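The structure appears right after this line, and notes come after that.
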Amino acid sequence: MGQGYEDHLVTPEDAIPDVDKVQWKKIDAQLCSVLWQSVDPKTLHHLRAYKTCFKFWTQAKGLYTNDIQRFYKVVSDIVHVRQQNMDLSTYIGRIASLKEEFLTLMPFTNGAEAQQIQTDKFFMVLTLIGIHPDLESVRDQILASPSIPSLDDVFARLLRLSST
């Protein structure tokens, strides 16, 4: 898949032995150029500052995997997808596309703690998708917040509002 260059995404430059560093930097610069060309121009101005594939990839992962508004949209699309007027092939293609988007935003994890955080994030979004229309302004505030609240924080906030 990565044609033997995956190490450029997962290995920082300072971990490369000095004897290999010159060649590694040349390849990394070429790969960065490819990465820059593959990014949405609106996002590129932010990511172009990262001059190694490792730094670029680390930043891009953080940017896209913590995008709660995009995650909300993908989960909402998953919950509401119906075949309706699509032919079966188009419908199955839509499901496959949603699965890939979901896995981009919610990648597999190794640790139990990371898995718990992802599960809470998923159920927090499901909660926001299903809340009553009267609470849409609260949902929008939560989705616009700079940090992703925990599931318990969202539950507490919604319960406080319902008791007033």
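FYI, the numbering for the sequence shown is 1 to 164, going by the working numbering.
The C-beta atom is built at its ideal place from N, Cα and C for all residues, glycine as well.
Bear in mind the structure is a predicted one, so any value in this text is a computation, not a measurement.
Going by beta carbons, F71 and H8 fall outside the 8 Å limit. Going by C-alpha positions, V81 is about 28 Å away from D153. 8 Å or more divides the Cβ of V39 from the Cβ of L31. Annotated as proximal: I129 and V79, with beta-carbon spacing under 8 Å.
Runs of alpha helix (DSSP H) with 4 or more residues, each lying fully within the region 65-112, are found at 68-80, 88-105, listed in chain order. Ranked by Cα distance from S76, the first of Q83, D87, L98, I92 is L98. The alpha helix (DSSP H) runs lying completely inside the region 119-156 and spanning 4 residues or more are 136-144, given in chain order.
With contacts defined as CB atoms closer than 8 Å, Q69 and L143 qualify as a contacting pair. The C-beta separation of L161 from L135 comes to about 7 Å, placing the pair in contact by the 8 Å criterion. Contact between M106 and Q118 is confirmed by a C-beta separation of about 6 Å, below the 8 Å threshold.
Counting along the chain, the unbroken alpha helix (DSSP H) around T43 starts and ends at 41-47. In this model, W24 and Q37 are separated by some 20 Å (Cα to Cα). Under the three-state reduction of DSSP output, K51 falls in the coil class, being neither helix nor strand. In this chain, the alpha helix (DSSP H) harbouring D18 covers 18-37.
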